[in-house]
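Mapping the sequence shown onto my numbering, position 157 (from 1) lands on 157, and the numbers just tick up by one.
Beta carbons: idealized from backbone N, C-alpha and C, even for Gly.
Quantities reported herein were computed from a predicted structural model and do not represent experimental measurements.
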Amino acid sequence: MNADQVNAYLAPLRDRYPESRALILPALKYAQTEKGWLDLEDLEAVAEATGLTSAYVESVASFYDRLYLRPTGRRIVSVCVTLSCMLRGSDQLYARLCDLEGLPPEGGTSEDGGVTIQTAQCLGYCDKAPCVQVDVDETEGPVLPDEAEEFLAKVRAAAQPTEVWR
Ligand code: FES
Numbered sequence: 001m002n003a004d005q006v007n008a009y010l011a012p013l014r015d016r017y018p019e020s021r022a023l024i025l026p027a028l029k030y031a032q033t034e035k036g037w038l039d040l041e042d043l044e045a046v047a048e049a050t051g052l053t054s055a056y057v058e059s060v061a062s063f064y065d066r067l068y069l070r071p072t073g074r075r076i077v078s079v080c081v082t083l084s085c086m087l088r089g090s091d092q093l094y095a096r097l098c099d100l101e102g103l104p105p106e107g108g109t110s111e112d113g114g115v116t117i118q119t120a121q122c123l124g125y126c127d128k129a130p131c132v133q134v135d136v137d138e139t140e141g142p143v144l145p146d147e148a149e150e151f152l153a154k155v156r157a158a159a160q161p162t163e164v165w166r
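In structure tokens, the structure reads:
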């Protein structure tokens with residue numbers, strides 16, 4: 001993605017968002033549509049198009065769970081690790097999912113690129129704890145630690161999502 005492409009995308013938004021900083025999220029989201037994650041070139045394109053520094057743009061990109069600074073898998077599994085889910089076993093579920101995919105404790109993307117496992121803060125489904133979100137629109141729970149294998153098989157078998165902020 002280059003600055004001209006980002007500028008073209010932002011052109012109709014500039015009247016609505018006259019403040020440059022307000023354009024960062026739409027610009028980053030757009031830049032991520034190309035390959036599903038943001039590399040240095042993408043961050044620099046957004047910086048140039050918004051007139052902000054690359055460091056500022058990177059600080060915003062690194063804050064949000066749905067903006068990825070590394071390649072992601074075909075499906076993205078976010079395990080809630082906030083209190084209600086943690087009390088119902090989300091730590092064990094997360095560890096089991098990482099283990100099944102051969103990932104380190106901090107999660108990441110499986111070797112075959114099929115799945116990214118990450119933690120998330122409260123997904124707003126505390127009554128379904130422990131709760132998991134797949135991509136951006138499928139939230140499911142409870143998913144118990146001993147259901148991890150079955151859950152992963154189901155996620156891997158599902159079709160590629162059409163909208164995952166990429
Ligand atoms: S604490 Fe997990 S969804 Fe709210």
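Exposure of ARG96, with buried meaning 16 or more beta-carbon neighbours within 10 Å: buried
Cβ-based burial, ASP42 [other Cβ within 10 Å; buried from 16]: buried
Proximity of ALA3 and GLU44 at Cβ, strictly below 9 Å: yes
Complete beta strand (DSSP E) runs within the stretch 119-146 (minimum length 3 residues, chain order): 132-134, 138-140
Distance, LEU87 Cα to TRP37 Cα: 32 Å
Ligand 1 heavy atom lying under 8 Å from the CB of GLY124: yes
Paired residues, beta bridge with SER78 - DSSP: GLN118, GLN133
Enclosing alpha helix (DSSP H) for ALA159 [first to last residue]: That residue, ALA159, is in no alpha helix (DSSP H); it is neither H nor E in DSSP.
7 Å CB neighbourhood of GLY141 in its chain, flanking five on each side removed: TYR125, LYS128, ALA129, PRO130, CYS131, VAL132
In DSSP terms, what GLY102 is bridged to: Note: GLY102 sits in no beta bridge, so no partner.
Classification of PHE63 by the beta-carbon crowding that lies within 10 angstroms, buried from 16 upward: exposed
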